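Residue numbers (our numbering): 41 to 105. Here a beta-carbon is modelled for each residue, glycine too, at the ideal position from N, C-alpha and C. None of these values were measured; they are calculated from a predicted model.
Structure, rendered in structure tokens:
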């Protein structure tokens with residue numbers, strides 16, 4: 041079962057990312073050590089897409105460096 045969008049948001053916030061807002065159901069998360077913002081779309085209760093999971097994992101890894 042895929043994680044929910046809210047789970048991805050929690051993981052990003054726990055890694056130090058900050059939500060700088062967005063339009064509609066889109067949220068842009070930024071981190072000082074990561075060059076590109078991570079965009080998460082969808083309502084918090086919706087299932088996350090696999091590409092969103094991969095983007096979150098890659099961004100968190102880049103933030104650890």
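DSSP state of residue i, grouped into three classes?
{"i": "residue 60", "result": "coil"}
{"i": "residue 94", "result": "helix"}
{"i": "residue 44", "result": "strand"}
Take the Cβ of residue i as the centre, count every other Cβ of all protein chains shown within 10 Å, and call the residue buried at 16 or more, exposed below.
{"i": "residue 58", "result": "exposed"}
{"i": "residue 36", "result": "Outside the modelled stretch of the chain, which goes from 41 to 105, sits residue 36, for which no answer is possible."}
{"i": "residue 98", "result": "exposed"}
{"i": "residue 107", "result": "Because the chain in this structure spans residues 41 to 105, residue 107 falls outside the shown range and cannot be described."}
The ligand NAD heavy atoms versus the CB of residue i: any closer than 6 Å?
{"i": "residue 82", "result": "Among the components modelled here there is no ligand, and therefore nothing to report on the ligand NAD."}
Along the beta strand (DSSP E) that carries residue i, what are the first and last residues, could you check?
{"i": "residue 81", "result": "78-81"}
{"i": "residue 71", "result": "First-last for residue 71: undefined, no H or E at that position."}
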